[in-house]
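Below is one structure, written out as structure tokens; comments come after it.
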Amino acid sequence: MLDVLRYQNEMTGRKRDIPLVAGIAIGTTYSGDAFSTRDTYKIDPLKIHANPIWKADGRSYLSLKIPTCLLLNTNKEFDSFGYEAENKYAELVMNGQQDDYYYFHRFQMKIRNIQSVKGDMVLMDINGKPAPAVEVYAHSIRALVNHLMYTLPQGTGVKSNDIQLVITVPGTCNWTEYIKEFTRKSAEKAGIQQDNLLILKEPEAAFIYCQHLPTEKLSGAKHGFSMSKVGSRYIIVDLGGATFDVAVIEKLTGDGIKEVCRYPIKGGCAATSIDTEFIQLFGNIFGEPFLSTMKGKHPLAYLDLLREFEAVKMTMTSTKTKDINIKLPYCTLDSLCKQYFERDVTSTVMDSSYASLISIRGDKMRLDNKLFHGLFDKTIKSILDILKFMFKRENRQTDTVLLLVGSFSECPLVQEAIRKAFPFNQKTNDSDNDVQEIVGLPKHFDVNRLDLKRSMPPSHFDSRVSDIDEQAKVELFEYVDIQKIDFTKRSPPSLFEEDRISDSAKDTCNSGRICYDCVPKYFV
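This is the structure:
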């Protein structure tokens with residue numbers, strides 16, 4: 001992360017000698033923090049300290065991050081964040097006290113669509129109660145900074161005003177510059193001094209980090225591979241919890257990079273899509289009334305179920321042939337089955353249409369391997385269809401790499417599917433994607449709105465050297481619906497195909513022929 005600061009200094013001419021750089025990522029589904037000290041950076045620039053694995057109800061989960069959830073009291077004052085907020089709100093629901101609190105869940109999706117920082121933008125909590133958006137974001141930033149300060153190793157002597165804080169923002173949203181300004185205001189309200197604040201676009205942060213990774217940290221990379229070749233272009237595909245973004249970056253001399261274009265993708269292509277499939281399966285077995293009661297009357301048990309599924313989901317591989325076990329909140333399920341069906345949970349499952357595919361063994365649900373893998377099929381197909389659509393071209397550029405980052409890109413099934421779909425490409429995967437995202441990756445192309453009966457609009461993008469604080473206008477492609485792609489017909493102009501636009505169009509959008517057709521090399 002100190003390399004991010006060095007990059008900023010070289011691009012802006014400012015130089016600061018600071019003892020510690022901390023990165024904060026407030027993602028759509030998960031958030032987290034990490035840091036790098038000056039002393040360790042001198043020895044190993046890639047040594048980044050992630051905080052200990054978070055705990056939920058005393059149990060450790062695989063992620064180094066926490067859910068993006070914020071709980072405020074009746075006076076809109078901070079109560080809790082992350083797993084603690086999830087658990088406390090669940091208890092409030094059980095006790096019928098939730099109306100006295102404000103609970104914000106995955107609010108980043110609303111902030112991604114911010115179009116102005118003027119006026120008092122509000123966010124609605126889960127029950128439709130409003131609170132100032134800046135306040136919600138400031139509370140979240142402050143919670144992560146406080147956690148960072150609490151978990152810093154004793155004896156460092158580092159104070160909060162000695163820390164250079166890096167906050168990442170989505171790099172492929174329609175209104176990135178508004179988001180940067182909004183984030184700056186929120187950080188200031190959280191008590192962060194402006195001199196100590198650096199706001200960085202996520203694709204840029206991903207590239208800055210990945211270009212320094214040694215070959216051995218990139219699974220599948222050939223010996224001697226380097227991401228520092230001037231002129232190479234990198235298609236950064238960010239697969240997050242609830243979003244899927246694409247940006248194209250070109251490597252310049254020194255530490256310079258140029259953003260070629262950005263492409264937001266939305267709907268059915270992220271980790272939460274798998275969750276939706278699992279919840280639907282659960283509803284098919286027990287019924288929607290049963291599921292609604294579980295969520296409303298037993299929210300802690302429902303949370304436990306989803307957390308257990310998350311842990312299994314992110315470790316699935318195609319080589320696993322045995323049935324899949326998921327730990328259940330057995331007592332709650334058994335009690336509800338007796339209430340709704342007058343039989344225990346084991347008998348309920350045996351009497352369902354899934355009797356041959358699902359069974360209950362003790363406190364675990366055992367699912368047929370093919371059934372469980374099927375939960376991923378729709379989402380992975382959408383991802384592959386989008387990539388195939390993007391990469392369909394007549395001409396290829398040889399010095400272009402596809403870099404897959406983000407928490408969902410760590411899922412082995414996703415990696416395996418992409419390798420199988422693009423066997424001719426070189427594919428690599430950093431072994432510590434979660435930490436990358438904390439440093440600066442996270443997270444729209446609406447898969448429900450792509451109409452290929454029309455031609456794609458001209459690719460009007462600004463080409464620019466990435467200056468951290470530069471206010472640049474970059475137009476995006478309109479959203480498209482992957483469901484309507486007909487791959488048997490001639491595809492429309494490629495996303496990366498050079499478009500020749502009129503001078504008036506250039507003047508209108510302040511851009512030129514910037515988008516390129518590319519992809520022979522391939523990173524995960």
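Quick note, the sequence shown lines up with residues 1 to 524 if you use our numbering. Cβ atoms here follow ideal geometry from the backbone N, Cα and C, with glycine treated the same way. None of the values given here were measured: they were computed from a predicted structure.
So what does DSSP say about residue 233, is it helix, strand or coil? Your numbering for residue 233 matches position 233 in the sequence shown. In this structure, residue 233 counts as strand in the three-state DSSP scheme.
Quick one: is residue 296 buried, meaning 16 or more other Cβ sit within 10 Å of its Cβ, or exposed? Taking the first residue of the sequence shown as position 1, residue 296 is located at position 296. Residue 296 is exposed by the Cβ-count criterion.
What does a CB cutoff of less than 7 Å around residue 354 pick up in its chain, not counting 5 residues either side in sequence? As a working mapping, residue 354 is identified with position 354 in the sequence shown. Only 285 meet the Cβ criterion.
What three-state label does DSSP hand residue 105 in the structure shown? As a working mapping, residue 105 is identified with position 105 in the sequence shown. Looking at residue 105 - three-state DSSP - the assignment turns out to be strand.
Between the alpha carbons of residue 192 and residue 48, how many angstroms are there, rounded? Here residue 192 refers to the residue found at position 192 when the sequence shown is read from its first residue. Here residue 48 refers to the residue found at position 48 when the sequence shown is read from its first residue. Taking the straight line joining both Cα atoms gives about 22 Å.
Extract the residue ranges of the alpha helix (DSSP H) inside the stretch 256-339, only unbroken runs of 4 or more that lie entirely within it. Listed in chain order, they are 271-286, 288-297, 299-313.
Identify, in the order they occur along the chain, each residue of the same chain with its Cβ nearer than 7 Å to the Cβ of residue 376, setting aside the five sequence neighbours on each side. As a position in the sequence shown, residue 376 is number 376, starting the count at 1. The answer, listed in chain order, is 274, 413.
Which of the three DSSP states, helix, strand or coil, is assigned to residue 49? Residue mapping note: residue 49 aligns to position 49 of the sequence shown, counting from 1. Here residue 49 sits in strand by DSSP.
Backbone secondary structure at residue 158 - three-state DSSP: In the sequence shown, the residue the question calls residue 158 occupies position 158. Coil.
Taking C-beta to C-beta, are residue 346 and residue 360 nearer than 8 Å? The residue given as residue 346 occupies position 346 in the sequence shown. The residue given as residue 360 occupies position 360 in the sequence shown. In this structure, residue 360 lies closer than 8 Å to residue 346 by Cβ.
Would you please state the rounded distance, in angstroms, between the beta carbons of residue 372 and residue 241? I believe it to be under 8 Å. For the purposes of this step, residue 372 is taken as residue 372 along the sequence shown, with counting starting at 1. For the purposes of this step, residue 241 is taken as residue 241 along the sequence shown, with counting starting at 1. With 8 Å as the limit, residue 372 and residue 241 do not qualify as a contact, their Cβ atoms being about 20 Å apart.
In three-state DSSP terms, what is residue 69? In the sequence shown, the residue the question calls residue 69 occupies position 69. Here residue 69 sits in strand by DSSP.
Residue 237 and residue 185 closer than 8 Å at C-beta: The residue you call residue 237 lines up with position 237 of the sequence shown. The residue you call residue 185 lines up with position 185 of the sequence shown. Residue 185 sits away from residue 237, with the two beta carbons spaced by 8 Å or more.
So, does the stretch 96-115 touch the stretch 314-324, judging by three or more C-beta pairs under 8 Å? no
Could you please give the first and the last residue of the uninterrupted alpha helix (DSSP H) stretch that includes residue 189? Residue numbering aside, residue 189 sits at position 189 when the sequence shown is read from its first letter. Taken as a continuous stretch (DSSP letters only), the alpha helix (DSSP H) holding residue 189 covers 176-189.
State the Cα-Cα distance for the pair residue 260 and residue 249, rounded to the nearest angstrom. By one-based count along the sequence shown, residue 260 stands at place 260. By one-based count along the sequence shown, residue 249 stands at place 249. If I take the Cα positions, the gap works out to 5 Å.
Please state whether DSSP places residue 252 in a helix, a strand or coil. Working through the sequence shown from its first residue, we reach residue 252 at position 252. Correct three-state label for residue 252: coil.
Taking only three categories from DSSP, how would you classify residue 133? Here residue 133 is taken as the residue at index 133 of the sequence shown, counted from 1. Reduced to three states, the DSSP call for residue 133 is helix.
Other residues of its chain near residue 100: CB distance less than 6 Å, five sequence neighbours each side excluded: As a position in the sequence shown, residue 100 is number 100, starting the count at 1. Cβ within range, chain order: 74.
What is the DSSP secondary structure of residue 80, reduced to helix, strand or coil? The count along the sequence shown starts at 1 and reaches residue 80 at position 80. Residue 80 falls in the strand class under three-state DSSP.
Using a Cβ-Cβ cut-off of 7 Å (strictly less than) and excluding sequence neighbours within five positions of residue 136, which residues of its own chain qualify? By 1-based counting over the sequence shown, the position of residue 136 is 136. Closer than 7 Å at the Cβ level, and outside the excluded window around residue 136, lie 70, 104, 107, 123.
Rounded separation between residue 287 and residue 26 - CA only: Taking the first residue of the sequence shown as 1, we reach residue 287 at position 287. Taking the first residue of the sequence shown as 1, we reach residue 26 at position 26. Taking the straight line joining both Cα atoms gives about 34 Å.
Can you tell me whether residue 20 is buried or exposed, with buried defined as 16 or more other CB within 10 angstroms of its CB? For this step, residue 20 is matched to residue 20 along the sequence shown. That one is buried.
Cβ separation of residue 257 and residue 204, assumed to be a contact under 8 Å, to the nearest whole Å: Translated into positions along the sequence shown, residue 257 becomes position 257. Translated into positions along the sequence shown, residue 204 becomes position 204. Confirmed, Cβ separation roughly 7 Å.
Residue 546 in three-state terms, based on DSSP: Outside the shown range of the chain (1 to 524) lies residue 546, about which nothing can therefore be said.
Best match in 126, 187, 94 for proximity to residue 139 [C-alpha to C-alpha]: Along the sequence shown, read from residue 1 onward, the residue named residue 139 stands at position 139. The shortest C-alpha separation from residue 139 is found at 187.
Do you know offhand how far residue 369's Cα is from residue 125's? Position 369 of the sequence shown, counted from the start, is the residue given in the question as residue 369. Position 125 of the sequence shown, counted from the start, is the residue given in the question as residue 125. So the two alpha carbons sit approximately 38 Å from each other.
Residue 74 in three-state terms, based on DSSP: Walking along the sequence shown from the start, residue 74 turns up at place 74. Coil.
Per DSSP, which one or two residues make a beta bridge with residue 356? Taking the first residue of the sequence shown as 1, we reach residue 356 at position 356. Paired residues: none, contrary to the question.
Anticipated Cβ contact below 8 Å, residue 253 with residue 294, distance rounded: Position 253 of the sequence shown, counting from 1, holds the residue named residue 253. Position 294 of the sequence shown, counting from 1, holds the residue named residue 294. With 8 Å as the limit, residue 253 and residue 294 do not qualify as a contact, their Cβ atoms being about 58 Å apart.
Please say whether residue 329 and residue 93 have beta carbons closer to each other than 8 Å? The residue labelled residue 93 in the question sits at position 93 within the sequence shown. The residue labelled residue 329 in the question sits at position 329 within the sequence shown. No, the Cβ-Cβ distance between residue 93 and residue 329 is not below 8 Å.
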